[in-house]
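Q:
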Amino acid sequence: MTSASLDYPVAEHVLDNGLRVIASPDHATGSVAVNLWYDVGSRHEEEGRTGFAHLFEHLMFQGSANVKSSEHFALLQPAGATVNATTWFDRTNYFEALPAGGLDLALWLEADRMGSLLAALTAENFENQREVVKEEKRQRYDNVPYGDVMERILDQVFPTGHPYRHTVIGSMDDLNAAGVEDAREFFRRFYMPNNAVLSIVGDVDPETAFAKAAQYFDIVPAADRPEKLITDPLPPLTGLPRIETTQDVPSEAVYLTWRLPADRAPGFDALDLGFGVLGQGQSSRLIKSLVRGREIAESAYASAMGLVGGNSLGMVGARARAGTTPEELEDALLSEIDRLADEPPTSAEVERAKAQTERHWMQELARIDSRADQLSGFATLYDDPQLINTRFAEVEAITPEEVSAAVAEWFTPERRASLIYRKEGR
Amino acid sequence: MSQPNAFAPGPRPHIAEPGPWSFPTPRRATLDNGLEVVSYDLPGQHVISASLVLDVPLAAEPRELEGVATITCRTLDEGTAKHSTDEFAELLETAGAGFGLDVSSAGLQLILDVPSRRLDAALDLFAEAVTIPALAGPDIDRQVQLRLAEIGQARANPSQAAAIAFRRTVFAAGTRYARMNDGEPDTVAAVDAEAAQSFHHDHFGPRGSKLILAGELPDTVQSLVEQHFGVWSGDHQRAVDHRPPEPGARRSVIVHRPGAVQADLQFGGFGIDRTDPRWADISVASYIMGGAFLSRLNGVLREELGYTYGVRMGFNPLRSGGTFSVSGSFRTEVIGDALTRARDLLSIKDQPFTPAEVKDAVTYFAGVSPLRYATADGVADQAAIQALAVLPDDYLDQRLARLRDVTPESAAAAYESLVDPDQLTLAVAGDADKIAEPLRQARFADIEIIDLEG
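Here it is in structure tokens:
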């Protein structure tokens, strides 16, 4: 089987201030996507200041020297732009996609906040966005069933002081303790052209894209770039950490987690496929045996979340059907994980996992905005934006034997942590 | 360290007008059995998106078996006359395909996404699932149990709980629209294999159905469709009349969630569909009020007051009629003030829409279209919406032209004919012990506490 060959153009240019610019022309829609990755995520946060990278992302929309508070949206949306930003463990990204005639405005706005955010940062807009972020935390985590899963999982899998020990949204206490001075310090420390990648994808030629990038960003001075955060890989978990919690949840649930190699480190892709064989898609083993066969789970999944800081996170989860205890469900999950060793993934199973990966990857690259995000990401994390064309071939080259070897090394029952949700007695 | 004064950018650039844009025009063909094939060839879109739209309104479900449409659709890919459940799943996923569905009041949608080089194999399986599914007893029974569990999850989720309570009130009591599209527990529990098989037998067929295909299509696409769907027979197929929704009586309700730290609300009323002459006007008005990031509602309740992560107002059109609502999650302590302010903001008597607001809304709609409809799934989704709502192929082009004619006065007239801030239905999911009194004081004197299971 041969995969569709990908051949998206990728051109690069570095400005004098260190801003790395990537251009990839695509004239099909008359639109353009602008995407900036700053090499700062929640893993760069310090103790007592969790949630800060994300809170800071909000402040980036509160104006700069030549832009009033929220004017970023007010100017771009009427140009037909989709505008947003997100924060993750490993990065913060800012992006807009709009008709190509708005490219200059988008670049001017991004340059203004990169160059002069502190000129507009006030205690008032800091307070306002702190409240907004607290509402975001309540809405997405604190006020929904199972909303604390990630917080509990990270606490089990990573040791005290580890960069992945805390969630991106952070803790309410830390959000409450943060001050506007922390924000100023954070900006000075991480927001500079030489700690960012700018991708411009769409209806613009690379030469024009580079010229415009220079026109708007050249005036932003370089600064001392933070040292690259290197986190040593941790070995697999030992000692079977276990948490049980009783909450007002609709179904009892089990979440099992593993430390895995870092994203793209040896073994990661093989494990990613192994998790796919186990728990992604209607033909996966968990759906076949727990949801359909034994009918003990209302849902089940397995996934590997790639992270660059030493280790990734592997997760297997299921919600129990009425009449099944969490213990029975956990045993059933574990026996399927054992079976990955006893009956190793077949080449047919691995091919199916690859085929699903391929479709998702092709759909991701079909949009200019997500293509721009991938370019920024590969440049930031791996110094290689060409990976948008070659990344899938790396996955496709994995053999079933490699999947088995990686599973044996990392993904076994005794290397797990367990998190159990029980229903409150009624 | 950088000097603050070193940064001296040039003047803010202007935006160049976007070029002309049109939604793509499909090719249409009809098979001998009546199936209409609507294809959009989109070069460079390597994942093909297919949507089979069946003209089967939820009115086709027997009252005592509501949910049977969903259960039937969800079981289509669980084995066929030719393949067992496991075999079918393996074949479909080996082809790199994804199968999905959407059940709406106007009709059913079965969705296939697949890389173009594997279209033949995937279309074969897609046709098999639609035309000769097994719908076996154990699979139907399991899907019934999974749906019941899903209802439990939905009721436990505050925004979904508010939405369930809202539809019960905004639509006339006792009508299909007031109940969940995927069925309420009592009728879902009554669905069995016989019910699903009859539903499939009576309502699945090529007549009135449309197969939408979008992406980089092979030259052979017509013959592939003919080969896989040509034998589908419509002999048993029964047509069902569409029944428009009717508005319910205004109410204010709380779904009690003890200990909730936020109140999730839906605040709105009965609306219009896309064929209403006011549709362009109300699109602009609701964008100004609650669609843009700096809308009147979000600008105040989020950006000034920090009461919420986000609040929006949207009109949700059906094939005929529709609803609208303001929705958002607010921390418990401020819900009374948030609603009072929302109601004030919703009144335009003293705050008319301005020409600048209208212009921004119109250029937004025009500007986002090329990118929104640049991908195969974007085009297929929109084409399916048009099929379900019986809209012409150039619907979006006509819509953009009408948007350009909207004035502050026409937007205001449409808005005031549909939105009376003092007569809106309110559904809130939150801690009734803490929010009932503030809501009463916020002039929701008639607030009632309800139980979704009741």
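Protein sequences appear in the order of chains W and F.
Our numbering numbers the first residue of the first sequence as 930 and each following residue consecutively.
Our numbering numbers the first residue of the second sequence as 5 and each following residue consecutively.
Just so it is clear, CB atoms sit at the ideal spot from N, CA and C, and this is done for glycine as well.
All figures in this text were calculated on a predicted structure; none of them were measured in a lab.
1) When we look at the beta-carbon of L217 of chain F and count the other beta-carbons within 10 Å, is it buried (16 or more) or exposed?
2) When you compare the CB of S999 of chain W with every CB in chain F, is at least one pair closer than 7 Å?
3) Looking at I19 of chain F and L1034 of chain W, is the spacing between their C-beta atoms short of 7 Å?
4) For L1166 of chain W versus A1346 of chain W, is the C-beta spacing smaller than 7 Å?
5) Give me the Cα-Cα distance between R242 of chain F and T327 of chain F, rounded to the nearest whole angstrom.
6) Kindly say whether A1138 of chain W, judged by its beta-carbon, lies nearer than 7 Å to any beta-carbon of chain F.
7) Could you give the distance in angstroms between the alpha-carbon of M5 of chain F and the alpha-carbon of L1047 of chain W?
8) In angstroms, rounded to a whole number, what distance separates the CA positions of L1348 of chain W and G1243 of chain W?
9) At the 7 Å Cβ level, is A1295 of chain W part of the contact set with chain F, yes or no?
10) Taking only the alpha-carbon atoms, compute the straight-line gap between R335 of chain F and A436 of chain F and give it to the nearest angstrom.
11) Give the range of the alpha helix (DSSP H) segment to which Y1145 of chain W is assigned.
12) Name, going along the chain, the residues of the stretch 1070-1082 of chain W whose beta-carbon falls closer than 9 Å to a beta-carbon of chain F.
13) Report yes or no: is there a C-beta of chain F within less than 7 Å of the C-beta of S1241 of chain W?
14) Throw me the rounded Cβ distance for the S120 of chain F and G219 of chain F pair, which I believe falls under 8 Å.
15) If I measure Cβ to Cβ from S1100 of chain W and keep anything under 8 Å in the same chain, skipping five residues before and after, which residues do I get?
16) In whole angstroms, give me the CA-to-CA distance for G992 of chain W and R261 of chain F.
17) Between R1214 of chain W and Y313 of chain F, what straight-line distance do the alpha-carbon atoms span, to the nearest angstrom?
18) Ordered along the chain, which non-local residues of its own chain (more than five positions away) have a Cβ less than 8 Å from that of E1224 of chain W?
19) Note down, in chain order, each residue of its chain lying with its Cβ closer than 6 Å to the Cβ of F233 of chain F, except the 5 sequence neighbours on either side.
20) Can you give the Cα-Cα distance for V366 of chain F and A284 of chain F, rounded to whole angstroms?
21) Could you tell me whether any Cβ in chain F is nearer than 7 Å to the Cβ of A1182 of chain W?
22) Check the DSSP bridge columns for S227 of chain F and list the partner residues they point to.
23) Less than 7 Å between the beta carbons of L1027 of chain W and Y1145 of chain W, yes or no?
24) Counting C-beta neighbours from all protein chains within 10 Å, is the total for P359 of chain F 16 or more, i.e. buried, or is it exposed?
25) So L1202 of chain W and R1113 of chain W are in contact, right, with Cβ under 8 Å, and what is the actual spacing, rounded?
26) Based on the DSSP output, what are the partners of Y1350 of chain W in its beta bridges?
27) Go ahead and label T931 of chain W buried or exposed: buried means 16 or more other beta carbons lie within 10 angstroms of its beta carbon, across all protein chains shown.
28) Verify the CB distance criterion: does S6 of chain F have a CB-CB separation below 7 Å to chain W?
29) Does the beta carbon of K1217 of chain W sit closer than 7 Å to a beta carbon anywhere in chain F?
30) Would you mind working out which of F:D117, F:A110 and F:R282 sits nearest E413 of chain F, comparing C-alpha positions?
31) Going along chain W, which residues have a C-beta under 7 Å from Y313 of chain F?
32) Can you tell which of W:L1269, W:L1304, W:E1293 and W:F1024 has its C-alpha closest to the C-alpha of A1334 of chain W?
33) Kindly indicate which three-state DSSP category A1326 of chain W falls into: helix, strand or coil?
34) If you measure from the beta carbon of W966 of chain W to each beta carbon in chain F, is any gap under 7 Å?
35) Determine, using beta carbons only, whether A1014 of chain W comes closer than 7 Å to chain F.
36) Along the chain, where does the alpha helix (DSSP H) containing S1276 of chain W start, and where does it finish?
A: Quick look at the numbers:
1) buried
2) yes
3) yes
4) yes
5) 29 Å
6) no
7) Note that M5 of chain F scores 41 on pLDDT, short of 50, meaning its location in the model is unreliable; the coordinates nonetheless yield the value given after this. So the alpha carbons of these two residues sit roughly 13 Å apart.
8) 13 Å
9) yes
10) Distance from the CA atom of R335 of chain F to the CA atom of A436 of chain F, rounded to whole angstroms, is 13 Å.
11) P1135 to F1146
12) Residues passing the 9 Å Cβ filter: D1071, N1072, V1073 and P1074.
13) Judged by the 7 Å Cβ criterion, S1241 of chain W is not in contact with chain F.
14) 6 Å
15) T979 and G980
16) 38 Å
17) 39 Å
18) R1250
19) Contacts found: L39 and A131.
20) 9 Å
21) Answer no: the Cβ-Cβ gap between A1182 of chain W and chain F never drops below 7 Å.
22) Answer is none; S227 of chain F lacks a bridge partner.
23) no
24) exposed
25) So it is not a contact: roughly 45 Å between Cβ atoms.
26) W:T1174 and W:A1182
27) Note that T931 of chain W scores a pLDDT of 45, beneath 50, so its modelled location is shaky; the value from the coordinates is reported in the next line. Result: exposed.
28) Model confidence at S6 of chain F stands at a pLDDT of 42, short of 50, so the residue's coordinates are unreliable and nothing is read from them.
29) yes
30) F:R282
31) V1061, E1064, E1065 and Q1068
32) A check of alpha carbon separations from A1334 of chain W across W:L1269, W:L1304, W:E1293 and W:F1024 identifies W:L1269 as the nearest.
33) coil
34) By this cut-off, W966 of chain W is not an interface position.
35) no
36) S1276 to A1295
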